[in-house]
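Chemist: Numbered according to this note's numbering, the sequence shown spans residues -18 to 206. Handing you a structure now.
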Amino acid sequence: MRKKERYENILAWFRENVPIAETELHYENHFQLLIAVILSAQCTDKRVNQITPALYRDYPTPEALAASSPETVYEYIKSVSYPNNKAKHLVGMARMLMEDFGGEVPDRMEDLLKLPGVGRKTANVIQSVAFNKAAMAVDTHVFRVSHRLGLVSDQCTTPFSVEKELVKHIPEADIPIAHHWLILHGRYVCQARSPKCDSCGLRLWCQYYGQKYKVHKDSKEAAKK
Ligand code: SF4
């Protein structure tokens, strides 16, 4: 199957079957989203959502968080992964927002990347979710699902190369939601250890499924001979 055809069919299926796809992190403004996304690195959204209400309540603004200390913030976030580093990042991020960005979350990639705790993936999530920009954050689910479906080639071995390939083929208007389509599909259907291929609506166009079926068919035919 040609790549163009694969993209068209897969995107059409998502448009029809998953018309609404959003982040599962809880937040009410850009600042809270940034906190949640920093906390979600190597951690589940569910766990992050359990601890953010108290954090948002006691540190509602960058100013309030900037005036705190990593030691104090640690007590709020100690149940997430890497709490020491994340506590330092959150306070450092709030201080930089106050000192360099007038207390606002910036929307430019180069500015976001200056903030403590913000790498390319986090910056892309903020650009996409907060500012609806055509940015594709590649996490472990997007990386795996894109490869299995055959949206990206085996040569795409880094998140950045997957990001570039996806952005090249997905229409700009679909990029913000496509990020969520791939994450949610990876989280609930195309899971790492046991993808639920039998109930997956994408198997007609899925490279992994096609290869698996062919192997299965070939081995049956070989057994008949
Ligand atoms: S058919 Fe299987 S491998 Fe392909 S996307 Fe669906 S769950 Fe994943």
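In this text, a Cβ means the ideal position worked out from N, Cα and C, and glycines have one as well.
Going by C-alpha to C-alpha distance, which of 160, 77, 64 sits closest to residue 52?
Modeler: Checking every option, the nearest Cα to that of residue 52 belongs to 64.
Chemist: Closest by CA to residue 2, which one among 179, 163, 172?
Modeler: 163
Chemist: From what residue to what residue does the alpha helix (DSSP H) around residue 127 run?
Modeler: 121 to 130
Chemist: Quick check on DSSP: helix, strand or coil for residue 57?
Modeler: helix
Chemist: Reducing DSSP to helix, strand and coil, say where residue 187 ends up.
Modeler: coil
Chemist: Regarding residue 143 and ligand 1, is the C-beta to nearest heavy atom distance less than 8 Å?
Modeler: no
Chemist: Under the three-state reduction of DSSP, which class applies to residue 202: helix, strand or coil?
Modeler: Note that residue 202 scores a pLDDT of 46, beneath 50, so its modelled location is shaky and nothing firm can be said.
Chemist: Alpha carbon to alpha carbon, what distance is there between residue -11 and residue -5?
Modeler: 10 Å
Chemist: Kindly indicate the opening and closing residues of the alpha helix (DSSP H) around residue 168.
Modeler: Note, residue 168: alpha helix (DSSP H), 156 to 169.
Chemist: Of all the alpha helix (DSSP H) runs that stay within the bounds of the region -14 to 40, which reach a length of 4 or more residues?
Modeler: 11 to 20, 26 to 39
Chemist: Leaving out five residues on either side along the sequence, give the residues of the same chain with a beta carbon under 7 Å from the beta carbon of residue 183.
Modeler: Excluding residues within five positions, the ones whose Cβ falls inside 7 Å are -9, -6, 130.
Chemist: Could you tell me whether the region 105 to 119 touches the region 147 to 166, using the rule of 3 or more Cβ pairs below 8 Å?
Modeler: yes
Chemist: On the criterion of 16 or more Cβ atoms from any shown chain inside 10 Å, does residue 127 qualify as buried, or is it exposed?
Modeler: buried
Chemist: Which word fits residue 74, buried or exposed, when buried means at least 16 other C-beta atoms lie within 10 angstroms of its C-beta?
Modeler: buried
Chemist: Is the beta carbon of residue 58 closer than 9 Å to that of residue 68?
Modeler: yes
Chemist: If you follow the alpha helix (DSSP H) that residue 141 is in, where does it begin and where does it stop?
Modeler: 140 to 150
Chemist: Where the beta carbon is closer than 7 Å to any heavy atom of ligand 1, which residues qualify, in chain order?
Modeler: 126, 129, 130, 166, 170, 171, 176, 177, 178, 181, 183, 184, 187, 189, 190
Chemist: Taking the Cβ atom as the reference point for each residue, do residue 18 and residue 107 lie within a distance shorter than 9 Å?
Modeler: Yes, these two residues count as a Cβ contact at 9 Å.
Chemist: I'd like to check one pair, residue 37 with residue 54: are the Cβ atoms closer than 9 Å?
Modeler: no
Chemist: Indicate the three-state DSSP secondary structure (helix, strand or coil) for residue 113 in the structure shown.
Modeler: coil
Chemist: According to DSSP, is residue 44 part of a helix, a strand, or is it coil?
Modeler: The DSSP-derived three-state label of residue 44 is helix.
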